[in-house]
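Working notes, structure below.
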Amino acid sequence: MAEETNFSQGEAEEVKYQERKRLLFFGLPWTFTKYTISQDMITVDEGLIKVEENDCYMYKVQDVKLTATLPERIFGLGTIICYTGDVTDKELRLSHIKHAKEIKNYLLKASEAARIKRRTLNMQDIGAGIADDVDL
0 MAEETNFSQG
10 EAEEVKYQER
20 KRLLFFGLPW
30 TFTKYTISQD
40 MITVDEGLIK
50 VEENDCYMYK
60 VQDVKLTATL
70 PERIFGLGTI
80 ICYTGDVTDK
90 ELRLSHIKHA
100 KEIKNYLLKA
110 SEAARIKRRT
120 LNMQDIGAGI
130 ADDVDL
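As numbered in numbering that gives the first Met the number 0, residues 0 to 135 make up the sequence shown, in order.
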């Protein structure tokens, strides 16, 4: 017998942003890729015949970069690249979306808040280790 899980209203996942990948030509949303960003997770749904869903928890997002080519800027679009600690995707691309700068800023704040909430420490090796030529 399958066990049912009932979510109370406080536990429901609130969607902050929902965007579609757009064609670069006039910025029309005629693709089958949908990006959903909630407080705790980024979800990318792709495909029409073969559907793939890729999730990444917000606390795994390490850095966010916004790029906008000239055609993207003309049509008010941008591409967000999320550098993650996720096993399946080290780079999660949100391509040709509207409100890219607003979404990028939200992702930075939400990822930091998620790391603090989960008490996750994110360390990067910046090459500040002990040098070989230093006498101790």
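The C-beta atom is built at its ideal place from N, Cα and C for all residues, glycine as well.
What is the rounded straight-line gap between the Cα of residue i and the Cα of residue j?
{"i": "residue 26", "j": "residue 103", "result": "19 Å"}
{"i": "residue 95", "j": "residue 116", "result": "31 Å"}
{"i": "residue 67", "j": "residue 18", "result": "16 Å"}
{"i": "residue 118", "j": "residue 33", "result": "30 Å"}
{"i": "residue 11", "j": "residue 37", "result": "Because residue 11 carries a pLDDT of 48, less than 50, the predicted location of this residue cannot be relied on, and no value is offered for it."}
{"i": "residue 70", "j": "residue 23", "result": "7 Å"}
{"i": "residue 45", "j": "residue 31", "result": "6 Å"}
Kindly indicate which residue of the options has the alpha-carbon position closest to the one of residue i.
{"i": "residue 63", "options": "32, 43 and 93", "result": "93"}
{"i": "residue 35", "options": "20, 73, 48 and 119", "result": "20"}
{"i": "residue 83", "options": "110, 29, 49 and 52", "result": "110"}
{"i": "residue 107", "options": "39, 47, 51 and 13", "result": "39"}
{"i": "residue 55", "options": "74, 85, 97 and 45", "result": "85"}
{"i": "residue 89", "options": "65, 77 and 60", "result": "60"}
{"i": "residue 73", "options": "112, 119, 42 and 97", "result": "97"}
{"i": "residue 42", "options": "105, 14 and 100", "result": "14"}
{"i": "residue 113", "options": "46, 51 and 58", "result": "58"}
{"i": "residue 51", "options": "87, 29 and 101", "result": "87"}
{"i": "residue 91", "options": "79, 99, 45 and 101", "result": "79"}
Which first and last residues belong to the alpha helix (DSSP H) in which residue i is found?
{"i": "residue 117", "result": "99 to 117"}
{"i": "residue 69", "result": "69 to 73"}
Name the one or two DSSP bridge partners that residue i has.
{"i": "residue 13", "result": "Beta-bridge pairing links residue 13 to no other residue."}
{"i": "residue 19", "result": "33"}
Beta strand (DSSP E) containing residue i: first to last residue?
{"i": "residue 34", "result": "32 to 37"}
Please confirm whether any heavy atom of the ligand COA lies closer than 7 Å to the CB of residue i.
{"i": "residue 88", "result": "With respect to the ligand COA, the structure shown offers nothing to examine, as it has no ligands at all."}
Exercise. Which runs of the alpha helix (DSSP H) fall wholly inside the stretch 44 to 97 and span at least 4 residues, in chain order?
Worked result: 69 to 73
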